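The block underneath contains the structure these notes are about, expressed in structure tokens.
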Amino acid sequence: MDPNTNFVQCPEGELQKRKEVVHTVTLHDIDAINSRTQGFLALFSGDTGEIKNEIREHIDMKINEWQEDEKAEIVPGVLFIDEVHMLDIECFSYLNRALESEQSPIVIMATNRGITHIRGTDYKAPHGIPLDLLDRTLIIPTYPYKHQDIMKILEQRAEEEDVEIDEYAKELLCKIASESSLRYALHLITLANLVSKKRKATEVTVQDVRRVYNLFIDVKRSTQYLIEYQNEFMFSELPKEDEGAKEEDSYDEKREIQEKKSANDAAD
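For what it's worth, the numbering used here labels the leading residue of the sequence shown as 197, then goes sequentially.
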């Protein structure tokens with residue numbers, strides 16, 4: 197053994213280990229845990245109830261302290277709001293204020309409305325969104341699908357449902373989607389597949405698509421059907437042409453009688 201070898205005394209006591217644990221939670225989870233006496237079990241009950249603003253502010257202050265001490269890291273998420281025109285003016289005010297926070301997520305809003313009323317007010321605005329909030333957004337325009345786009349969507353839907361469709365049936369479905377709606381054409385894929393299975397065929401043909409197209413009508417044909425057979429339905433609110441003309445004639449007659457009566461009263 198080398199005379200220069202150093203001996204180290206064997207350590208005594210318990211062996212201590214250091215372990216770093218990382219938990220990924222949302223701010224809402226932290227708010228729910230601190231707003232209920234059950235603590236962490238409140239997340240599993242599902243009934244978080246209303247969370248007070250004082251608790252939210254206290255949690256925000258604590259999160260900011262953790263960020264400064266490098267104990268926590270905020271990862272902004274994405275909030276997708278579909279049919280955003282259904283929100284009222286109070287919800288838009290809350291969103292407008294929440295977007296100013298440093299911890300706010302990326303908000304994506306979708307709507308199919310033009311210039312319409314803002315819910316809860318008598319004012320009209322583009323897409324039913326207040327102008328002050330709309331001015332802070334980046335608007336992504338959408339355009340009608342082309343023939344190639346519709347074909348790709350139909351092929352992907354058929355692939356997901358394991359449906360084999362011949363080329364002529366695909367062309368017919370594309371035409372139906374262009375004339376009515378893409379959603380209606382997608383529904384016809386499932387129905388046409390059931391018809392083809394009933395006759396023990398390996399793929400959907402034009403005959404199957406035409407059969408389900410005649411059995412299940414779209415919105416345009418349904419509206420036309422209601423107008424054509426409006427007399428056969430109960431509580432129909434579509435005015436008839438004869439009744440509308442009679443109402444106008446009776447209104448004019450009443451107006452003439454009132455004018456004559458007022459003239460006679462003035463002469464007396």
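Cβ coordinates follow ideal geometry from the N, Cα and C atoms, glycine included. Since the model is a prediction, treat every value here as computed from it, not as a measurement.
### Task
Could you work out which residue in Asp-362, Glu-367 and Val-405 is closest to His-383 when comparing CA atoms only?
Along the sequence shown, read from residue 1 onward, the residue named residue 383 stands at position 187. Answer by Cα proximity: Val-405.
#### Entry: Member of Phe-429, Arg-395, Tyr-380 and Tyr-290 whose CA lies at the smallest distance from the CA of Tyr-409
What you label residue 409 is simply residue 213 of the sequence shown in a count that begins at 1. The candidate whose alpha carbon is nearest that of Tyr-409 is Tyr-380.
### Query
Is Asp-464 helix, strand or coil by DSSP?
Numbered from its first residue, the sequence shown carries residue 464 at position 268. Residue confidence for Asp-464 is low, a pLDDT of 49 falling below 50, so the modelled location carries little weight; the figure read from the coordinates is stated next. Coil at Asp-464, not helix or strand.
### Query
How many angstroms separate the CA atom of Arg-309 from the CA atom of Arg-407?
In the sequence shown, residue 309 corresponds to position 113, counting from 1. In the sequence shown, residue 407 corresponds to position 211, counting from 1. Rounded to whole angstroms, Arg-309 to Arg-407 spans 34 Å at the Cα level.
### Message
Alpha carbons only, please: which of Asp-318, Asn-249 and Phe-276 is nearest the one belonging to Ile-304?
### Response
In the sequence shown, the residue the question calls residue 304 occupies position 108. The residue with the shortest Cα to Cα distance from Ile-304 is Phe-276.
### Message
Going by C-alpha to C-alpha distance, which of Glu-356, Glu-399 and Asp-331 sits closest to Glu-363?
### Response
What you label residue 363 is simply residue 167 of the sequence shown in a count that begins at 1. The closest CA to that of Glu-363, considering only Glu-356, Glu-399 and Asp-331, is found on Glu-399.
### Query
How should Ala-228 be labelled, buried or exposed, when 16 other C-beta atoms within 10 angstroms of its C-beta is the threshold for buried?
Reading the sequence shown from its first residue, position 32 is the one you call residue 228. For Ala-228, the number of other beta carbons within 10 angstroms of its own is at least 16, and it is reported as buried.
### Task
Can you tell me which of Gln-420, Gln-352 and Asn-292 puts its alpha carbon nearest to the alpha carbon of Thr-333?
The residue labelled residue 333 in the question sits at position 137 within the sequence shown. It is Asn-292 whose Cα lies nearest to the Cα of Thr-333.
#### Entry: Cut-off 8 Å between Cβ atoms - residues of its own chain near Cys-370, not counting five sequence neighbours on either side
Within the sequence shown, the letter at position 174 stands for residue 370. Excluding residues within five positions, the ones whose Cβ falls inside 8 Å are His-343, Ile-346, Met-347, Leu-350 and Ala-381.
### Task
Please work out which residues of its chain come closer than 8 Å, Cβ to Cβ, to Thr-222, disregarding the five sequence neighbours upstream and downstream, and give them in chain order.
Stepping through the sequence shown from its first residue, residue 222 is reached at position 26. For Thr-222, the CB contacts under 8 Å within the same chain, skipping 5 residues up- and downstream, are Gly-273 in chain order.
### Message
I need the boundaries of the beta strand (DSSP E) containing Met-305, first residue and last residue.
### Response
On the sequence shown, position 109 is the one that residue 305 refers to. First-last of the beta strand (DSSP E) with Met-305: 302-306.
### Query
Given a threshold of 16 other Cβ atoms within 10 Å of its Cβ, counted over all protein chains shown, does Phe-429 qualify as buried or as exposed?
Here residue 429 is taken as the residue at index 233 of the sequence shown, counted from 1. It counts as exposed.
### Query
Short check: CB of Val-415 to CB of Leu-368, under 8 Å?
On the sequence shown, residue 415 is found 219 positions in, with the first residue counted as 1. On the sequence shown, residue 368 is found 172 positions in, with the first residue counted as 1. Taking 8 Å as the Cβ cut-off, Val-415 and Leu-368 do not qualify as a contacting pair.
### Query
Met-257: buried (16+ other C-beta within 10 angstroms of its C-beta) or exposed?
In the sequence shown, counting from the first residue as 1, residue 257 sits at position 61. Exposed, because fewer than 16 other Cβ atoms sit within 10 Å of the Cβ of Met-257.
### Message
Suppose you measure from the CA of Glu-375 to the CA of Phe-412; what does that come to, to the nearest Å?
### Response
As a position in the sequence shown, residue 375 is number 179, starting the count at 1. As a position in the sequence shown, residue 412 is number 216, starting the count at 1. So the two alpha carbons sit approximately 15 Å from each other.
### Query
Can you round the beta-carbon distance between Asp-284 and Arg-315 to whole angstroms, since I take them to be within the 8 Å contact cut?
On the sequence shown, residue 284 is found 88 positions in, with the first residue counted as 1. On the sequence shown, residue 315 is found 119 positions in, with the first residue counted as 1. About 4 Å separates the two Cβ atoms, so the contact holds.
### Task
Please classify Thr-196: does DSSP put it in a helix, a strand, or coil?
With the chain covering 197 to 464 only, the question about residue 196 has no answer from this structure.
### Task
Consult DSSP for Lys-215 and reduce its assignment to one of helix, strand or coil.
The residue you call residue 215 lines up with position 19 of the sequence shown. Reduced to three states, the DSSP call for Lys-215 is coil.
### Query
Given Asp-328, which residues of its chain have a CB within under 8 Å of its CB, disregarding the five upstream and five downstream residues?
Indexing the sequence shown from 1 puts residue 328 at position 132. Around Asp-328: Asn-292.
### Message
Please state whether the Cβ-Cβ distance between Arg-353 and Ile-385 is less than 8 Å.
### Response
As a working note, residue 353 is residue 157 in the sequence shown. As a working note, residue 385 is residue 189 in the sequence shown. Yes, the pair counts as a contact, with Cβ atoms nearer than the cut-off.
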